[in-house]
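Some notes on the structure that comes next.
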């Protein structure tokens, strides 16, 4: 696992605790942040990470270093052998980091079945709105 700075729009208020999205309260999301998340425009700055070579368009979503359960399962399944991505099979299926084992297994499934066709299929499905993005506690 390689660490890098992930470029993102701020979608939560400044005083929000730094945790994974699924652990944050929906009350911390700003009105503009809500729009950015619903339209998936919050992912747009990550194109900079793709251009820098830190990420790919398609791949497992990057995780925080302190998501130890997810890190352990991903390491066991060899998920870190590929670059992280902006979208992927887990995002299309609406699976987020609140279910680390399912997420890692889905990432592994995507990696083992990756093809040029699937790569562009995941991009297309993301653009047309499949998946839910990062969930937040309601």
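Numbering (our numbering), first residue to last: 152 to 289.
Even glycine gets a Cβ: it sits at the ideal position worked out from N, Cα and C.
Quick caveat: nothing in here was measured; it's all calculated off a predicted structure.
Here residue 217 is exposed: its Cβ has fewer than 16 other Cβ atoms, across all protein chains shown, within 10 Å. DSSP, read as helix, strand or coil, puts residue 195 in coil. For residue 166, the number of other beta carbons within 10 angstroms of its own is below 16, and it is reported as exposed. Judged by DSSP secondary structure, residue 257 falls within the alpha helix (DSSP H) whose first and last residues are 251-263.
Per DSSP, reduced to three states, the secondary structure at residue 177 is helical. Residue nearest to residue 220 within the set 276, 250, 199 and 266 is 250 (criterion: CA-CA distance). The Cβ-Cβ distance between residue 155 and residue 196 does not fall below 8 Å.
Assigned with DSSP and collapsed to three states, residue 238 falls in strand. When the five nearest sequence neighbours on each side are left out, the beta carbons in the same chain lying within less than 6 Å of the beta carbon of residue 199 are those of 158, in order along the chain. Taking 8 Å as the upper bound for CB-CB distance, residue 240 and residue 260 are in contact here, some 7 Å apart. Its Cα nearest to that of residue 193, the residue 237 stands out among 222, 237 and 178. Residue 181 and residue 152 do not touch by the CB rule: their CB atoms are close to 30 Å apart, not below 8 Å. If you check the CB distance, residue 262 and residue 230 come in under 8 Å.
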